[in-house]
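**Student:** Numbering (the working numbering), first residue to last: 852 to 1197.
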Ligand SMILES: Cc1ncc(COP(=O)(O)O)c(C=O)c1O
């Protein structure tokens, strides 16, 4: 066609998880939360007036920064609000990467990172993620931007925070720790921002807080780093409705804890039952599992599930093509999945 920049013509776009149209589909393919958000969120949205929507939103979402700073034990100046965690990733690529400034990643990991690198025209220094997260190799690469997803998608594993601190100390560039799934993990990296002015932590309201439809995420970092990122973001990157919703959601920690507890219970049940069926299912620190299909090809199992209106995620990529990524659903969804898997595996 010739209209686009060469980088855009050459790249493949991000492929989102399939969104089935039928209400009775069992949707376990995009790591959404099966339980609803805090009722306070809907109340806050209902309270909005036409006047609220007539005006531009708060430029840096101060309402959210104030409440979340208390919850996180940081200062509001340590927080940047973004249009989903994905927006923070875009901001970071724009801020730290270009043709001469690569990003370093340990694969497999979140498939959006290489897409954003493609958009920015920056090289991806890629290494295989080993049991230690390939931290030594990432330190050696010493890229201007290093991203480590923790807990990682899609492998569900968790790197101890002390080891991330060692990596941060070795790098001369920025270390972005993607904690989109951290609400389901045992620990988090927030304390690192006190020791390193180069660490950015990504958070999402889509998973633990059941607000994937709202589009709200945020970053936590040293105040000077946040100031720099503010220069890169769109002027009004989070809207009034999202700010209102996310602010009350993060304020309702009881609701989050209850929700996470239910998901962890179902995670243990699904993991155990799938292991009994012969799947290899490593322990997960996220709201999904990555199960290796031992008895039948993963693709065959995936297709047989689709025929039964059950959607999980299959990646036809080296190292992943023998596995299925399955979001932890509500008990009745998980029951349907387990019955279907028993039929398929035989
Ligand atoms: C690893 C990881 N990081 C970041 C995100 C971005 O989440 P959101 O833009 O919904 O906040 C996702 C979403 O699936 C993810 O899996």
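Just so you know, even glycine gets a beta-carbon here, dropped at the ideal spot from N, CA and C.
Counting C-beta neighbours from all protein chains within 10 Å, is the total for residue 900 16 or more, i.e. buried, or is it exposed?
**Tutor:** So residue 900 ends up on the exposed side.
**Student:** DSSP on residue 1139, reduced to helix/strand/coil?
**Tutor:** In the structure shown, residue 1139 sits in a strand (DSSP, three-state: E or B).
**Student:** Just list the residues that DSSP pairs residue 858 with in beta bridges.
**Tutor:** BP columns for residue 858 are empty, so no partner.
**Student:** Assuming residue 1006 and residue 1141 make a contact with CB atoms under 8 angstroms, what is their CB distance in whole Å?
**Tutor:** Yes, they are in contact, since the Cβ atoms of residue 1006 and residue 1141 sit about 6 angstroms apart, within 8 angstroms.
**Student:** Relative to ligand 1, is the shortest distance from any of its heavy atoms to the C-beta of residue 935 smaller than 7 angstroms?
**Tutor:** Residue 935 Cβ: within cutoff of ligand 1.
**Student:** So what does DSSP say about residue 1164, is it helix, strand or coil?
**Tutor:** The answer is strand: DSSP assigns residue 1164 an E or B state.
**Student:** Look up residue 1051 in the DSSP assignment and say whether it is helix, strand or coil.
**Tutor:** Residue state, collapsed to three classes: strand.
**Student:** With C-beta atoms as the reference, is residue 1138 less than 8 angstroms away from residue 1035?
**Tutor:** Their beta carbons are under 8 angstroms apart, which means residue 1138 touches residue 1035 by this criterion.
**Student:** Roughly how many angstroms separate the alpha carbons of residue 1094 and residue 936, rounded to a whole number?
**Tutor:** Each residue's alpha carbon lies about 14 angstroms from the other.
**Student:** Helix, strand or coil for residue 945, going by three-state DSSP, please let me know.
**Tutor:** Three-state DSSP puts residue 945 in a helix.
**Student:** Helix or strand or just coil, what does DSSP make of residue 864?
**Tutor:** Residue 864 falls in the coil class under three-state DSSP.
**Student:** Terminal residues of the continuous alpha helix (DSSP H) containing residue 1098?
**Tutor:** First-last of the alpha helix (DSSP H) with residue 1098: 1091-1102.
**Student:** May I ask which residues mark the beginning and end of the alpha helix (DSSP H) holding residue 1020?
**Tutor:** That run of the alpha helix (DSSP H) goes 1012-1021.
**Student:** Taking only heavy atoms of ligand 1 into account, decide whether any of them is closer than 7 angstroms to the Cβ of residue 912.
**Tutor:** No, since every heavy atom of ligand 1 falls outside the 7 angstroms radius drawn around the Cβ of residue 912.
**Student:** Below 7 angstroms, is the gap between the Cβ of residue 1057 and the nearest heavy atom of ligand 1?
**Tutor:** True, at least one ligand heavy atom lies under 7 angstroms from that Cβ.
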